[in-house]
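Chemist: Attaching a single structure in C-alpha cells format; questions to follow.
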Amino acid sequence: MNAFAQLFSQYDIPGAFLVNIELTLWSALFSTILGVMLLLMRISPISSLRRIARGYVELFKNMPLTIIMVFMVLGVYAQLKLSFSTTFATNFFWLAITGLSLYTAAFVCESLRSGINTVPIGQAEAARALGLNFWQAATQVILPQAIRGSVAPLGNTFIALLKNSTVAAAASVATETSTMMSEMIEYHADLIVPIFLTFAFGYVILIIPFGALTTYLSNKLAVRR
Amino acid sequence: MANATTNNDTDTSVLFDAPGPRGRQRIRIANVVAIVIFAIILVLIFMRLHNPPEGENQLAWDLWKPALDAEAWTDFYLPGLWMTVKAAFVAVIGSVAFGILFGVGRLLPAAPVRWVSAVIVEFCRAVPVLMMMIFFWRLFAFMGMEDPAYWSVVLGLVLYNGSVVAELVRSGVGNLPNGQHEAALALGLTRTQSLMQVEVPQAIYAMLPAAVTQLVVVLKDTALGSIIMYTDLLQESRRLGSMYFNILQTLVVAAVIYFVLCWLLSRLAEWLPSRMQRHTAAPAEPEVVAPIAIMDPSNVNQIAVAKESGELPRGGAPRTYHEHHRGSNASIHEWQKTRYMQGYDEKHPDVARQRHRLDVPLPGVPGARKNRDEDESHDDERPDGQERKA
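Chains E and A supply the protein sequences, listed in that same order. Here the UniProt record's numbering is used: the first residue of the first sequence is 1, the next is one more, and so on. Here the UniProt record's numbering is used: the first residue of the second sequence is 1, the next is one more, and so on.
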C-alpha cells in the first residue's frame, strides 16, 4: 500500500487526466463548429454541398481513429511539414486535437441529423408557409429544436470523444493517461492491478456524472409536444 | 452506422420550397462556386503533396510504387489484414456471447445477479478500450502467455463491445410490446421462462443490425492494437513505410483498405433491419451512434423511438408503446418522407375516414349511396395497418 501511495507523488496522475480533458474540450469545440457546418451543408438546397458533406461524413465514419492520429504525425507533420509549433509537445498536442476534431465532426453531424428527424414535418411546413427561406427556417425553426432533440446522441459522442482522447498516444502525446499508465506499469509491474484500477476509476468518475447530466438535459430540454 | 431510412440526397426536402427559375439559377451559381472552392482545396492539398517545404515530392512514383506493388501486398498488407480480420472476428463472437450473458443478467429477477451484471457492464463501457488493451497486454506478458498482443486486443474489444451489446439486448427487451411478456405469463411461464423463451430471442433479432454496426466499430478499433505492437494492417503498413521511407503512401493504402471494409459493413447494417423486422416485435433499427446514454434507466433507442413502422410485425395488436420520442412526445416518424394527411390521427384511423365520408354522399342520389356502401364493404376487408399507407 505504501509503494502504491508513493506512486502518486512520483507521477502526476491528475495532470495526465487534465491533458485528456484539455484534448477533449478543444476537440469538442472544433468538432462542434465543423459538425454544425457539415450539417448545414448536408440539409442545404445546394446539391454539391450536400454531396461534399456526405462524402466527408462517410469517409471519417468508416476510418479508424488510430490511423488518422498516426497519419497526423507521420504523414501531415513528418512528410508534409505542417506544424503548429516548434516545441514538440505543443505541436503533437495540437496535431492530436486536429485529428480528434476531424474524426468527431462526422459523428457530431450525424447526431444533429438524428435530432432533425425528431422535429415534426409541420414545423418545417409552417416555417415555409410563413415565407422563411432555407437559412431562416433552418436557423430559427428547425435547428433550435433539433439540437434539443439531439442532446443524448451528442452527449454520447462527447463521452466517446473523452475516451478516444487516449488514442492521442498514437500521435505521440506523451503526457496523457494511457501513455502514463503504460509507463507506470513498466516500472512497477507488481502494482499492475491497482495502477489499472486507478486510471479506470478516473474515467468512471469523469464519465458517469457526464452521462447522468446528458440524460437529465435530454429530458429537460426535449421539446414537449 | 448510417441511419438507413433517412434519405441522403433529398432533392425535395421539406426545408425549402421547390425552387423557381430564379432560385434554380441561384442554386446553379452556388453549386459552381462550391465546386470551385472544393477544387481549389484539393489543388492546394496536391500542391502541398507535390512540393512540401524541405521535403521530397510525395506524388513521385518512386514512393508510390513500393507501396502498391505485389510484394507490398503479399508481405505486408494481406498478412496485416488477416491479423486485423482474425482479431475482429474473434472479438465479435466473444462480445456477442459476453453481451447476451450480461444483458440477460441485467434482466433476471434475482437482484444480486442484476447488480453484478450492471456494475460489470457500466465499468466496461466507461473505461477506454486502449487502457484495457494496455493493461491486458502487460498482464499477459507478465503471465508468460503466448501472443499477449493478440489476446489483449481481443479481450479489450470483447469487454467494451460486449457491454454495448449487453445494453442492446436490454433495450431490445425493453422495446418489446408489453403484450409479449403478459401473454407469456398468461400461458403459465415464469418470469425467467418468459424472458428466456419469448423476450430475449426477439431482442436478439432486433439487436442484430445494431450488432453489425458494432462490427464496424470492432474493425476500426482493432487498429488500436498497433499501439501495443499487434501486427495488424496499420502496424504492417507502418513497417513497410519505414523500409522505403514512404510512410504517407503506405498509410493512405491502409486507410483505403480500412475504409472499403467498413463501408461495405455499414451498407450491410443498413440493409439488415428490414429483414430482421420480420422476426421480432421490437424495432430492429440500429443506433446512429452506438453507445446509449450511460446510466440512462429507460435506455431506449432514440432513433427507433422517433420513428414508427407502419406495419405491424407478426400481425399483432397495434403498438401502444413508444409512439412518442422519449421525453419529447414527438410522434411523427420520417417526417422528411411522409406526406402529412389533413385530419389523420394515428390513434384513431377511423375518425378521419368518417369525417371525409360525411361530405360525399348526397341524400336522394342513389348512385352516391351505392358507391358509399361499396366503399364501406371494401374498407372492412382491409386491415387498419395497410389502410393508413394508402
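By construction, the Cβ of each residue, glycine as well, lies at the ideal position given by its N, Cα and C atoms.
If we ignore side chains and look at the alpha-carbon of each, how far apart do A:S171 and A:A203 end up?
Modeler: Position 171 of the second sequence, counting from 1, holds the residue named residue 171 of chain A. Position 203 of the second sequence, counting from 1, holds the residue named residue 203 of chain A. Approximately 8 Å, taken between the alpha carbons.
Chemist: To be precise: take each residue of the stretch 58-70 of chain E, compare its Cβ to all Cβ atoms of chain A, and keep it if any distance is under 9 Å. Which residues remain?
Modeler: E58, L59, K61, N62, M63, P64, L65, T66, I67, I68 and V70
Chemist: Check whether the Cβ of E:L29 lies closer than 9 Å to any Cβ atom in chain A.
Modeler: To locate residue 29 of chain E, count along the first sequence from 1; it is residue 29. At a cut-off of 9 Å between beta carbons, E:L29 makes no contact with chain A.
Chemist: Looking at the structure shown, is A:H333 part of a helix, part of a strand, or coil, going by DSSP?
Modeler: Position 333 of the second sequence holds residue 333 of chain A. A caution first: A:H333 carries a pLDDT of 46, below 50, which makes its placement in the model unreliable, though a value can still be read off. A:H333: coil per DSSP, three-state reduction.
Chemist: When burial is assigned at 16 or more other CB atoms within 10 Å of the CB, is E:K220 buried or exposed?
Modeler: Residue mapping note: residue 220 of chain E aligns to position 220 of the first sequence, counting from 1. E:K220 should be labelled exposed.
Chemist: Which chain B residues are close to A:I35, counting only those with a beta carbon under 7 Å from its beta carbon?
Modeler: In the displayed structure, chain B is absent; the protein chains listed are E and A.
Chemist: Pairing CB atoms from the stretch 51-70 of chain E with CB atoms from the stretch 242-261 of chain A, are three or more of them under 8 Å?
Modeler: yes
Chemist: Which value, in whole angstroms, describes the spacing of the CA atoms of E:S178 and A:A72?
Modeler: The residue labelled residue 178 of chain E in the question sits at position 178 within the first sequence. The residue labelled residue 72 of chain A in the question sits at position 72 within the second sequence. Going from the Cα of E:S178 to the Cα of A:A72 covers about 32 Å.
Chemist: Is A:D75 helix, strand or coil when you go by DSSP?
Modeler: Taking the first residue of the second sequence as 1, we reach residue 75 of chain A at position 75. Residue state for A:D75 is assigned as helix, using DSSP reduced to three classes.
Chemist: Under 8 Å between beta-carbons, which chain A residues line up against E:Y181? List them in chain order, please.
Modeler: As a first step, residue 181 of chain E is located in the first sequence; it is residue number 181 there, counting from the start. Reading the sequence as shown, one finds Met at residue 181 of chain E and not Tyr. The answer, in chain order, is M131, I134 and F135.
Chemist: What residues of chain E sit near A:V216, judged by a beta carbon separation below 8 Å?
Modeler: As a first step, residue 216 of chain A is located in the second sequence; it is residue number 216 there, counting from the start. Neighbours of A:V216 on chain E, chain order: N62.
Chemist: Would you call the stretch 166-185 of chain E in contact with the stretch 89-109 of chain E, where contact means no fewer than 3 C-beta pairs closer than 8 Å?
Modeler: yes
Chemist: Am I right that E:A222 and E:G149 are in contact with their C-beta atoms under 8 Å? What's the rounded C-beta distance?
Modeler: Stepping through the first sequence from its first residue, residue 222 of chain E is reached at position 222. Stepping through the first sequence from its first residue, residue 149 of chain E is reached at position 149. Between E:G149 and E:A222 the Cβ distance is about 7 Å, and since that is below 8 Å, they are a contact.
Chemist: Under 8 Å Cβ-Cβ, which residues of chain E neighbour A:Q58?
Modeler: Here residue 58 of chain A corresponds to residue number 58 of the second sequence, with the count starting at 1. Going along chain E in sequence order, the residues near A:Q58 (Cβ under 8 Å) are Q79 and L80.
Chemist: Could you check what DSSP says for residue 399 of chain A in three-state terms: helix, strand or coil?
Modeler: Because chain A spans 1 through 390 in this model, residue 399 of chain A falls outside it and cannot be assessed.
Chemist: According to the Cβ coordinates, are E:F134 and E:G35 closer than 9 Å?
Modeler: Stepping through the first sequence from its first residue, residue 134 of chain E is reached at position 134. Stepping through the first sequence from its first residue, residue 35 of chain E is reached at position 35. Not closer than 9 Å, so no.
Chemist: Does the stretch 159-170 of chain A touch the stretch 76-88 of chain A, meaning 3 or more C-beta pairs lie closer than 8 Å?
Modeler: no
Chemist: Please check if any C-beta of chain A sits within less than 9 Å of the C-beta of E:P45.
Modeler: Residue 45 of chain E sits at position 45 when you count from the first residue of the first sequence. Yes, contact with chain A.
Chemist: Which residues of chain A have a Cβ atom closer than 8 Å to the Cβ of E:A3, listed in chain order?
Modeler: Walking along the first sequence from the start, residue 3 of chain E turns up at place 3. Chain A residues near E:A3: none, gap ~17 Å exceeds 8 Å.
Chemist: Can you find a CB in chain E that lies within less than 9 Å of the CB of A:W115?
Modeler: As a first step, residue 115 of chain A is located in the second sequence; it is residue number 115 there, counting from the start. Closer than 9 Å: no.
Chemist: What in chain A is Cβ-close to E:I33, meaning under 9 Å?
Modeler: If you number the first sequence from 1, residue 33 of chain E lands on position 33. Listed along chain A, no residue sits closer than 9 Å to E:I33 by beta-carbon distance, the nearest being about 17 Å off.
Chemist: Using a C-beta cutoff of 9 Å, does A:T190 count as contacting chain E?
Modeler: In the second sequence, residue 190 of chain A corresponds to position 190, counting from 1. No, no contact with chain E.
Chemist: Residues of chain E with CB closer than 7 Å to the CB of A:K31, please, in chain order.
Modeler: For the purposes of this step, residue 31 of chain A is taken as residue 31 along the second sequence, with counting starting at 1. The identity of residue 31 of chain A in the sequence shown is Asn, whereas the question assumes Lys. The answer, in chain order, is I46, S47 and S48.
Chemist: Do E:A146 and E:G115 have their C-beta atoms within less than 9 Å of each other?
Modeler: By 1-based counting over the first sequence, the position of residue 146 of chain E is 146. By 1-based counting over the first sequence, the position of residue 115 of chain E is 115. For E:A146 and E:G115, yes; Cβs fall inside 9 Å.
Chemist: Below 9 Å between beta carbons is the criterion; list the residues of the stretch 163-176 of chain E that meet it against any residue of chain A, in chain order.
Modeler: K163, N164, S165, T166, V167, A169 and A170
Chemist: Taking the beta carbon of A:M132 as the centre, do at least 16 other beta carbons fall within 10 Å, making it buried, or is it exposed?
Modeler: On the second sequence, residue 132 of chain A is found 132 positions in, with the first residue counted as 1. When all chains shown are included, A:M132 counts as buried.
Chemist: At the level of alpha carbons, what is the spacing between E:F210 and E:F196?
Modeler: On the first sequence, residue 210 of chain E is found 210 positions in, with the first residue counted as 1. On the first sequence, residue 196 of chain E is found 196 positions in, with the first residue counted as 1. Those two C-alpha atoms are separated by around 21 Å.
Chemist: Using CA coordinates, which residue listed in A:L208, A:L265, A:P128 and A:P148 is at the minimum distance from E:I205?
Modeler: In the first sequence, the residue the question calls residue 205 of chain E occupies position 205. The shortest C-alpha separation from E:I205 is found at A:P128.
Chemist: Does the stretch 44-52 of chain A come close enough to the stretch 80-89 of chain E that 3 or more CB-CB pairs lie under 8 Å?
Modeler: yes
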